[in-house]
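The opening position of the sequence shown corresponds to residue 0 in numbering that gives the first Met the number 0, with each subsequent residue numbered one higher. Contents: one structure, followed by commentary.
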Amino acid sequence: MPLTFRPEVPERSSVFVGRGGHGFGAAMIHSLFLINSSGDIFLEKHWKSVVSRSVCDYFFEAQERASEAENVPPVISTPHHYLLSVYRHKIFFVAVIQTEVPPLFVIEFLHRVVDTFQKSLSAQFLHLHFWILFAIRFISER
(Lines of atoms letter the chains of each structure in order from A and count residues from 1; the text may use other names and numbers.)
(Lines give C-alpha, C1' and ligand atoms only; values in the text may rest on other atoms or scores of the structure.)
Protein backbone atom coordinates (compact mmCIF):
# COMPACT_ATOMS: atom_id res chain seq x y z
CA MET A 1 0.00 0.00 0.00
CA PRO A 2 1.58 3.32 -1.03
CA LEU A 3 2.02 6.03 1.56
CA THR A 4 0.05 9.20 0.98
CA PHE A 5 1.00 12.68 2.02
CA ARG A 6 -1.87 14.45 3.75
CA PRO A 7 -0.73 17.64 5.41
CA GLU A 8 -2.87 18.80 8.26
CA VAL A 9 -2.55 22.56 8.05
CA PRO A 10 -5.18 24.86 9.52
CA GLU A 11 -6.92 27.06 6.98
CA ARG A 12 -5.40 30.25 8.42
CA SER A 13 -1.91 29.69 9.73
CA SER A 14 1.50 31.30 9.59
CA VAL A 15 2.82 28.69 7.15
CA PHE A 16 0.65 30.05 4.35
CA VAL A 17 2.23 32.15 1.64
CA GLY A 18 0.09 34.88 0.18
CA ARG A 19 -2.07 37.89 0.68
CA GLY A 20 -5.57 36.68 -0.19
CA GLY A 21 -8.19 35.06 1.98
CA HIS A 22 -8.37 31.77 0.10
CA GLY A 23 -8.07 28.53 2.00
CA PHE A 24 -6.09 25.42 1.25
CA GLY A 25 -8.68 24.05 -1.17
CA ALA A 26 -8.44 27.09 -3.43
CA ALA A 27 -4.66 26.86 -3.68
CA MET A 28 -3.46 25.58 -7.03
CA ILE A 29 -0.28 25.37 -9.04
CA HIS A 30 -0.86 27.24 -12.27
CA SER A 31 2.34 26.28 -14.07
CA LEU A 32 5.49 24.23 -13.68
CA PHE A 33 8.76 25.18 -15.36
CA LEU A 34 11.86 23.00 -15.59
CA ILE A 35 15.02 25.08 -15.92
CA ASN A 36 18.47 23.62 -16.56
CA SER A 37 21.72 24.86 -15.05
CA SER A 38 22.40 27.19 -17.99
CA GLY A 39 19.06 28.97 -17.47
CA ASP A 40 17.08 27.45 -20.34
CA ILE A 41 13.42 26.61 -19.78
CA PHE A 42 13.23 23.22 -21.46
CA LEU A 43 9.83 22.05 -20.23
CA GLU A 44 6.72 23.83 -19.08
CA LYS A 45 3.30 22.57 -18.07
CA HIS A 46 0.28 24.80 -17.52
CA TRP A 47 -2.85 23.68 -15.69
CA LYS A 48 -5.33 26.42 -14.82
CA SER A 49 -4.08 29.16 -17.14
CA VAL A 50 -1.05 29.82 -19.30
CA VAL A 51 1.54 31.81 -17.39
CA SER A 52 4.10 33.67 -19.49
CA ARG A 53 7.72 32.57 -19.29
CA SER A 54 8.57 36.13 -18.31
CA VAL A 55 7.48 35.30 -14.74
CA CYS A 56 10.72 33.28 -14.53
CA ASP A 57 12.70 36.53 -14.85
CA TYR A 58 12.19 37.02 -11.11
CA PHE A 59 13.64 33.57 -10.56
CA PHE A 60 16.61 34.33 -12.82
CA GLU A 61 17.30 37.54 -10.86
CA ALA A 62 17.33 35.58 -7.59
CA GLN A 63 19.55 32.98 -9.22
CA GLU A 64 22.08 35.67 -10.22
CA ARG A 65 22.16 37.03 -6.66
CA ALA A 66 22.77 33.57 -5.17
CA SER A 67 26.36 32.45 -4.76
CA GLU A 68 25.49 28.85 -5.68
CA ALA A 69 22.49 27.13 -7.25
CA GLU A 70 21.55 25.58 -3.91
CA ASN A 71 21.27 29.07 -2.37
CA VAL A 72 18.39 30.30 -4.54
CA PRO A 73 15.47 31.07 -2.19
CA PRO A 74 12.79 28.36 -2.40
CA VAL A 75 9.98 30.95 -2.23
CA ILE A 76 10.07 34.09 -4.37
CA SER A 77 7.31 36.68 -4.21
CA THR A 78 6.41 38.62 -7.36
CA PRO A 79 3.69 41.25 -7.84
CA HIS A 80 1.11 38.72 -9.09
CA HIS A 81 2.60 35.26 -8.45
CA TYR A 82 4.69 33.22 -6.06
CA LEU A 83 7.49 31.04 -7.37
CA LEU A 84 8.34 27.95 -5.33
CA SER A 85 11.34 25.93 -6.44
CA VAL A 86 13.51 22.93 -5.71
CA TYR A 87 16.93 22.16 -7.19
CA ARG A 88 17.77 18.53 -7.90
CA HIS A 89 19.97 16.81 -10.47
CA LYS A 90 21.16 20.22 -11.76
CA ILE A 91 17.57 21.14 -12.69
CA PHE A 92 15.27 23.71 -11.08
CA PHE A 93 11.63 22.70 -10.76
CA VAL A 94 9.72 25.98 -10.43
CA ALA A 95 6.01 26.03 -9.54
CA VAL A 96 4.00 29.20 -10.19
CA ILE A 97 1.05 29.90 -7.90
CA GLN A 98 -1.30 32.86 -7.50
CA THR A 99 -3.12 32.08 -4.26
CA GLU A 100 -2.23 31.13 -0.70
CA VAL A 101 -0.44 27.83 -0.46
CA PRO A 102 1.45 26.04 2.29
CA PRO A 103 4.99 26.28 0.86
CA LEU A 104 6.11 22.96 2.32
CA PHE A 105 3.20 21.21 0.61
CA VAL A 106 4.26 22.55 -2.81
CA ILE A 107 7.94 21.82 -2.18
CA GLU A 108 7.06 18.25 -1.15
CA PHE A 109 4.97 17.93 -4.33
CA LEU A 110 7.92 19.13 -6.45
CA HIS A 111 10.22 16.58 -4.81
CA ARG A 112 7.70 13.86 -5.62
CA VAL A 113 7.58 15.04 -9.25
CA VAL A 114 11.37 14.70 -9.41
CA ASP A 115 11.20 11.21 -7.89
CA THR A 116 8.53 10.19 -10.40
CA PHE A 117 10.59 11.47 -13.34
CA GLN A 118 13.65 9.68 -12.01
CA LYS A 119 11.81 6.36 -11.66
CA SER A 120 9.91 6.51 -14.94
CA LEU A 121 12.86 7.65 -17.05
CA SER A 122 15.44 5.25 -15.64
CA ALA A 123 17.49 3.09 -18.00
CA GLN A 124 15.89 -0.09 -16.66
CA PHE A 125 12.37 1.23 -17.28
CA LEU A 126 13.23 2.29 -20.83
CA HIS A 127 14.86 -1.08 -21.51
CA LEU A 128 11.83 -3.02 -20.23
CA HIS A 129 9.30 -0.88 -22.09
CA PHE A 130 11.21 -0.14 -25.31
CA TRP A 131 8.70 -1.78 -27.64
CA ILE A 132 5.74 -0.09 -26.01
CA LEU A 133 7.43 3.29 -26.31
CA PHE A 134 8.40 2.54 -29.92
CA ALA A 135 4.81 1.57 -30.78
CA ILE A 136 3.42 4.71 -29.16
CA ARG A 137 5.83 6.86 -31.15
CA PHE A 138 5.06 4.98 -34.38
CA ILE A 139 1.30 5.34 -33.89
CA SER A 140 1.56 9.02 -32.94
CA GLU A 141 3.46 9.80 -36.17
CA ARG A 142 0.54 8.60 -38.30
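We put the CB at the ideal spot given by N, CA and C, even for glycine.
Out of the options, point me to the one whose CA is closest to residue i's CA.
i	options	result
F91	E43, M27, I28, H29	E43
V50	L103, H29, A61	H29
V85	S36, F137, A122	S36
S48	F137, M27, I106	M27
R87	P73, T77, Y81	P73
Just the C-alpha distance for residue i and residue j, rounded to the nearest angstrom, thanks.
i	j	result
A65	P101	24 Å
W46	L31	9 Å
V112	A134	26 Å
I96	H110	16 Å
E67	A61	11 Å
E69	L125	30 Å
H128	Q117	15 Å
R52	G38	12 Å
F59	S119	29 Å
F108	W130	31 Å
S121	E63	32 Å
Q123	K89	22 Å
F137	V71	41 Å
Can you give the beta carbon distance from residue i to residue j, rounded, assuming they're within the 8 Å contact cut?
i	j	result
A94	L103	Actually they are not in contact, since the Cβ atoms of A94 and L103 sit about 12 Å apart, beyond 8 Å.
Taking all protein chains shown into account, decide if residue i is buried (16 or more other Cβ within 10 angstroms of its Cβ) or exposed.
i	result
T115	exposed
T98	buried
I34	buried
P78	exposed
T3	Because the pLDDT at T3 is just 44, under 50, the model does not fix this residue reliably, and the value given afterwards should be weighed accordingly. Per the 10 Å Cβ criterion, exposed.
Anyone know if the C-beta pair for residue i and residue j falls short of 8 Å?
i	j	result
Y57	I40	no
V105	H80	no
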